[in-house]
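Read in our numbering, the sequence shown has 115 at position 97, and its numbers run on one by one without any break.
All residues carry an ideal CB built from backbone N, CA and C; glycine is no exception.
On a predicted model such as this, the values are computed, not experimentally measured, just so you know.
Below is one structure; the comments refer to it alone.
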Amino acid sequence: MNQILERIKKHYPTPTLELNFSNPFELLVALVLSARCTDKLTNTITPRIFSKYPTPDKLKEANYDELNDIISSCSMHNTKAKNLIAIAEALCKNYNCEVPKSIEELTKLPGIGRKTANIILSFGFGIPAVGVDTHVLRMANRLGISNSKKAEVIEEEIKKSIPEEDWIVFYSGLILHGRHICKARKPKCDECFLNDICPKIGVK
Ligand code: SF4
């Protein structure tokens, strides 16, 4: 595990998300929109949302049809529009119109699961956390870090096996590597800096 961690840190030294945002609220909105939608497409939609609804206070007053129209190029836009307004209402009702800083509170928000909550904690607030998305899950299996298919189990196994200060840089590196090299269908093992130490579990 040490070797994997060191190489991930060397190649992806700065924790990075491919979504554009400038505060925890914008990150929350971007993450809701990006579910089953590429970050690239999400980044084309969010500037309009951020300028029209810059705060939870403004977003909770959004007209559903208008918001739904703005995000209509996103998959599941009906549900996302509904959830965004409900999230903004919950933020204002329960958290003084601010994004809460705990996994327990974040996962109480409509449509927000553990993965999204962990990404908000780490990238919105700099709080050590491990967000397990489809890329992290797949890579954890292929690299032999975990044989579980459950995101929560993998999250705990990663947390136990590396120092807390490396949690964010590690999972963020796995997301990037999974997106660009260790792809779901055709992993580019020939181009991969982990090739000589990766057991390639389940790779055909
Ligand atoms: S060697 Fe192949 S399977 Fe292993 S991490 Fe790299 S791309 Fe993924």
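Identify whether C210 lies in helix, strand or coil by the three-state DSSP scheme.
coil
Report the rounded CA-to-CA distance for V148 versus I137, giving the unit in angstroms.
7 Å
Classify H198: buried if its beta carbon has 16 or more other beta carbons within 10 angstroms, exposed otherwise.
exposed
For S179, I'd like the list of residues in its chain whose CB is within less than 8 Å of its CB, leaving aside the five on either flank, ordered along the chain.
M19 and I163
Rounded to whole angstroms, how far is the Cβ of L45 from the Cβ of G191, which I believe are closer than 8 Å?
So it is not a contact: roughly 19 Å between Cβ atoms.
Contact between the region 77-85 and the region 50-62: three or more CB pairs below 8 Å?
no
I'd like the list of long-range same chain contacts for Y30, defined as Cβ closer than 8 Å, with 5 residues on each side in sequence excluded.
V187, S190, G191, L194 and H195
Is DSSP giving Y189 helix, strand or coil here?
Helix.
Are P128 and A108 closer than 8 Å when you measure CB to CB?
yes
Name the residue from N112, I63, I26 and L124 whose alpha carbon lies nearest to the alpha carbon of S93.
I63
Less than 7 Å between the CB of N159 and some heavy atom of the ligand SF4, yes or no?
no
Mind reading off the beta-carbon distance from R160 to A202? Whole number of angstroms is fine, and I expect it under 8 Å.
10 Å between Cβ atoms; not a contact.
Is N213 near the ligand SF4, judged by its Cβ being under 7 Å from some heavy atom?
yes
Taking only three categories from DSSP, how would you classify G144?
Correct three-state label for G144: coil.
When every heavy atom of the ligand SF4 is checked, does at least one fall within less than 7 Å of the C-beta of K28?
no
Please list, in chain order, all residues of the same chain as D214 whose beta carbon is under 8 Å from its beta carbon, the five residues on each side excluded.
none
Return yes when at least one heavy atom of the ligand SF4 lies under 7 Å from the C-beta of C115, else no.
no
Could you tell me whether any non-hydrogen atom of the ligand SF4 is closer than 7 Å to the CB of P31?
no
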